[in-house]
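This report refers to the structure that appears directly beneath it.
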Amino acid sequence: MNWIILIVAGLFETGFATCLGKAQETSGKESLFWWAGFVVALFISMFLMYKSISYGSNPIPIGTAYAVWTGIGAVGGVMAGIFFFNEPVTFWRMFFVFTLIASVVGLKMVSN
Numbered sequence: 017m018n019w020i021i022l023i024v025a026g027l028f029e030t031g032f033a034t035c036l037g038k039a040q041e042t043s044g045k046e047s048l049f050w051w052a053g054f055v056v057a058l059f060i061s062m063f064l065m066y067k068s069i070s071y072g073s074n075p076i077p078i079g080t081a082y083a084v085w086t087g088i089g090a091v092g093g094v095m096a097g098i099f100f101f102n103e104p105v106t107f108w109r110m111f112f113v114f115t116l117i118a119s120v121v122g123l124k125m126v127s128n
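Structural data, given as structure tokens:
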């Protein structure tokens, strides 16, 4: 269950990064909406990260949890940049994203 919580926390990390980017490119009330989304997603992400490392009979080690959490956020941030901010898709960019994914999966496989 802690792994599911950690994955959801990583998705919220992607959400707060995306909201932060959108808040910077908008103004007025729309910007306030994105800032509010940033704060809510940040709180939820941090709370779920904390819960995944401290609750239950099998808490995830902090080093592994943090690497997985930031890995999900990094990959999600790159994907959000591509889909929402028109960032370029290059071979090397995708190569390193897939390398990051392989590393996160590897950490999951070697963790107890």
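Note that the sequence shown covers residues 17 to 128 in our numbering.
No residue lacks a Cβ here, since even glycine has one placed at the ideal position from N, Cα and C.
query: Beta-carbon gap between Ser68 and Ile60 smaller than 8 Å; result: no
query: Euclidean distance between Cα positions of Gly92 and Phe32; result: 11 Å
query: Under the three-state DSSP convention, the category Ser127 falls into; result: coil
query: Local Cβ density within 10 Å of Lys38, reported as buried at 16 or more and exposed below that; result: buried
query: Residue from Phe99, Thr106, Lys124 whose Cα sits closest to the Cα of Trp85; result: Lys124
query: Ser73 - DSSP class collapsed to helix/strand/coil; result: coil
query: Inter-residue spacing [alpha-carbon to alpha-carbon] between Val121 and Thr30; result: 18 Å
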